[in-house]
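Have a look at the structure below, then the notes.
Protein chains: 2
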Amino acid sequence: MYVTLANHLDEHHDVCDIAEAPVSQAQVHARRAVSVGHHLFHEGDEAHNIYEVASGLLRLTRVLENGSRQVIAFALPGDVVGFPDGDVHHTDCDVLVAGEVISYRRQALESGAGDPTVHTRLLQAALKEISGMQDHFMMLARKSAPEKVASFLMVMAERTGTFDGGHTRIVLPMKRSDIADFLGLTIETVCRAITRLRKARIIALEDAQTVIILDNNRLENAALLD
Amino acid sequence: MYVTLANHLDEHHDVCDIAEAPVSQAQVHARRAVSVGHHLFHEGDEAHNIYEVASGLLRLTRVLENGSRQVIAFALPGDVVGFPDGDVHHTDCDVLVAGEVISYRRQALESGAGDPTVHTRLLQAALKEISGMQDHFMMLARKSAPEKVASFLMVMAERTGTFDGGHTRIVLPMKRSDIADFLGLTIETVCRAITRLRKARIIALEDAQTVIILDNNRLENAALLD
DNA sequence: GATACACTTTGATACACACCATCGAAACGG
DNA sequence: CCGTTTCGATGGTGTGTATCAAAGTGTATC
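Here it is, written out as structure tokens:
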């Protein structure tokens, strides 16, 4: 199963290792709390920092001329966001779930002169991002609506799911409109896909934000509904 | 107008500057001719090199479990391809138009220890790639078929177009199926979109591969056809 | 507890695009 | 020269998803 969200770094390399590692260069990075609704940066802002999510959930968005919005990615703990294009950020980034981020100076990525560990780490994050986005291409271009929603749930389960009585429980902190804008669908289509998964007893909803995966296998091949 | 193909490097910094620059590190890069049909790498291959296109046209593809193919990008002169995910390539890459590529050792990107000029250049190419792919997201997810085709023609015109009696001429070396797989459409839909643009006198076809842009303005807002 | 608002869900309809089939043109090989 | 193949273009049909509309659910406010 490939990852369609922004990519997590090597899981064996815990975020805290970095955040609390001895600082070899002054001002290389700093941990910082962020609250819901706060914008880390806007599209067009000069890019001073790159951020690694320590906890919480970020949303990266972009707006088309016609006003339609695309959610580029949801950034979960371990993800790195804010890779600049030239000198500026090319997406908006705001906070959906409060948490902490580690900010790195842009130079930590762009120059090999600083801490080589951080440099390599950020670089690998950028490369993983490219790979993950290519996966996302496949999904946007080639999957049906139910397949997209099922894939999304699978990825969220893999990354944020908790076990609970033999089943996996997922919390979806984002709104249906965010999911729709992430998958290239409408809100209604997302709802319907979820409803059909529910009626097929593949998933169950505790509430609108909380999904229980009842049948992982069928969720994987969720193209064949009804 | 944003770029939906793989991203060109700074145009003022000609490819040849690098290719023929004094080599400060042995084995840093090598120029090499590639012929039509040749594969530079396959998905899953161990990634030894990163390639910059000097001339010709490359195609990056990926295949879904169900067999459907996605063209991730067409790589034109100035583009860099083959950014690894971990140790392996995550796309296929083959040659659509013969030309020359400059191959760099993967270390030239991943380690800051080598030639810093090359390192920075490859890194910036990777960052531009991320930005360009985000643009491509917008197109795949949010644009209609005619808009996608029009955008594609605009980008090709911008990058490869030649002027000819007041109009821009574009050569499309790839097949309709490649364009379709790039845009997330079917061959038929691409053909029909082109036909409608032609009947609306926005473009003209010299032959199937050669497009003349008759009305740039209307091509930009090509949602409103008929 | 009543009202208001935001969000989710469900229903009905329309249409864009996929799918299937056909045909013409060009390229190729015997 | 003519069969074969490949590619592009076009027509007809079906369906998945967008769109429009409205009801349902939860949460905050007074």
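Protein chains in written order, with my numbering: chain A, 1 to 226; chain B, 227 to 452. Beta carbons: idealized from backbone N, C-alpha and C, even for Gly.
Three-way DSSP call (helix, strand, coil) for residue i in this model
i	result
Ala75 of chain A	strand
Glu206 of chain A	strand
Ser491 of chain B	Residue 491 of chain B falls outside the range modelled here, since chain B spans only 227 to 452, and no answer is possible.
Val381 of chain B	helix
Ala448 of chain B	coil
Leu64 of chain A	coil
Arg268 of chain B	One point to set straight first is that residue 268 of chain B is His, not Arg, in the sequence displayed. His268 of chain B falls in the coil class under three-state DSSP.
Thr230 of chain B	Because the pLDDT of Thr230 of chain B is 40, which lies under 50, any placement of that residue in the model is unreliable, and the question is left without a value.
Thr415 of chain B	helix
Ser103 of chain A	strand
His136 of chain A	helix
Arg424 of chain B	helix
His29 of chain A	strand
Ala273 of chain B	coil
Thr339 of chain B	The question names Thr, but residue 339 of chain B in the sequence shown is Ala. Correct three-state label for Ala339 of chain B: coil.
Leu57 of chain A	strand
Leu214 of chain A	coil
Val249 of chain B	Here Val249 of chain B scores only 46 on pLDDT, less than 50, and its place in the model should not be relied on; the value that follows carries that caveat. Three-state DSSP puts Val249 of chain B in coil, outside helix and strand.
Residues of its chain near residue i, where Cβ-Cβ distance is below 8 Å and the 5 sequence neighbours each way are ignored
i	result
Asp433 of chain B	none
Phe378 of chain B	Thr230, Ile405, Phe408 and Leu409
Gly387 of chain B	Thr394, Arg395, Ile396 and Ile439
C-beta contact flag for residue i and residue j at 8 Å
i	j	result
His119 of chain A	Ala108 of chain A	yes
Gly44 of chain A	Val95 of chain A	no
Phe163 of chain A	Leu353 of chain B	no
Ser55 of chain A	Pro77 of chain A	yes
Met359 of chain B	Ile50 of chain A	no
Arg106 of chain A	His39 of chain A	no
Arg402 of chain B	Val416 of chain B	yes
Same chain only: Cβ atoms within 7 Å of residue i, ignoring 5 sequence neighbours per side
i	result
Asp407 of chain B	Arg295, Gln296 and Val297
Glu46 of chain A	Asp87 and Val88
Arg444 of chain B	Ile428
His167 of chain A	Ile212, Ile213 and Leu214
Leu122 of chain A	Ile50, Val80, Tyr104, Ala108 and Leu109
Thr185 of chain A	In the sequence as displayed, the identity of residue 185 of chain A is Leu instead of Thr. So the qualifying residues of the chain are Ala145 and Lys148.
Terminal residues of the alpha helix (DSSP H) in which residue i lies
i	result
Val262 of chain B	Run containing Val262 of chain B: none; DSSP gives neither H nor E here.
Leu183 of chain A	Arg176 to Leu183
Sequence-distant residues of its chain with Cβ nearer than 6 Å to residue i (five each side left out)
i	result
Thr436 of chain B	Val397
Ala301 of chain B	Ala232, Val279, Leu284 and Val307
Leu423 of chain B	Ile429
Gly112 of chain A	His119
Asp318 of chain B	His268, Glu269 and Thr287
Val260 of chain B	Val321 and Val327
Glu220 of chain A	none
Ala419 of chain B	Ala371, Pro372 and Val375
Leu366 of chain B	Gly410
His311 of chain B	The question names His, yet the displayed sequence has Asp at residue 311 of chain B. Hits under 6 Å: none found.
Span of the beta strand (DSSP E), counted from its first residue to its last, around residue i
i	result
Phe389 of chain B	Thr388 to Asp390
Val397 of chain B	His393 to Val397
| request: Pull out every residue of the segment 83-94 of chain A whose Cβ sits closer than 9 Å to any Cβ of chain B, in chain order. | output: Phe83, Pro84, Asp85, Gly86, His90 and Thr91
| message | Beta carbons nearer than 7 Å to chain A: which residues of the segment 269-303 of chain B have them? | response | Arg288, Leu290, Ser294, Gln296 and Ile298
| message | Using a Cβ-Cβ cutoff of 9 Å, what residues of the segment 116-135 of chain A are near chain B? List them in chain order. | response | Pro116, His119, Thr120, Leu123, Gln124, Ala126, Leu127, Lys128, Glu129, Ile130, Ser131, Gly132, Met133, Gln134 and Asp135
| task | For the segment 141-156 of chain A, enumerate the residues whose C-beta is nearer than 7 Å to any C-beta of chain B, in chain order. | result | Ala141 and Arg142
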